[in-house]
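Chemist: Structure in structure tokens, see below.
In the numbering used here, the protein residues as written are 885 to 1016.
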């Protein structure tokens, strides 16, 4: 073989390799984006369940029939779901003072909405309270 043919063969091999790597990178990027979206959805659902469980526990422990309806990221008010100095007399119902998303609940304590909060992080598609 002449060096010209070898050079052309090497060029073809490099071109095929480059195209193959580009295709592989495209598939990997799509997979990564999908995985990130799924992770955000799970994170939102977990936070929602934590807030709802905190409200349910608060209502049960305090023997109340209704709560002040609100839309908030602040878990210290209007319900003291988070207290920094938790004790037996003042339990902590949620592990965080502020949530990533804002939660709206009705007088019965049922979370009825999840919305974008001060952080500017959009609510992932599919993250909605149960029964809404």
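Cβ coordinates follow ideal geometry from the N, Cα and C atoms, glycine included.
Work out the CA separation of residue 920 and residue 959 for me, nearest whole Å.
Modeler: 27 Å
Chemist: Measure the C-alpha to C-alpha separation of residue 896 and residue 979 and round it to an integer number of angstroms.
Modeler: 59 Å
Chemist: Using C-beta distances below 7 Å, list every residue in its chain close to residue 1007, excluding the 5 sequence neighbours before and after it, in chain order.
Modeler: 928, 985, 998, 999, 1000
Chemist: So residue 992 and residue 944 are in contact, right, with Cβ under 8 Å, and what is the actual spacing, rounded?
Modeler: At roughly 13 Å, the Cβ-Cβ gap does not stay under 8 Å, so residue 992 and residue 944 are not in contact.
Chemist: Smallest Cα separation from residue 1014: which of 981, 963, 930?
Modeler: 930
Chemist: In three-state terms, what does DSSP make of residue 904?
Modeler: helix
Chemist: At which residue ranges does the region 941 to 978 contain complete beta strand (DSSP E) runs of 3 or more residues, listed in the order of the chain?
Modeler: 954 to 958
Chemist: Which of the three DSSP states is assigned to residue 897 in this structure?
Modeler: helix
Chemist: Could you tell me which of 926, 962, 903 sits nearest to residue 987, measuring between CA atoms?
Modeler: Considering only alpha carbons, the answer is 962.
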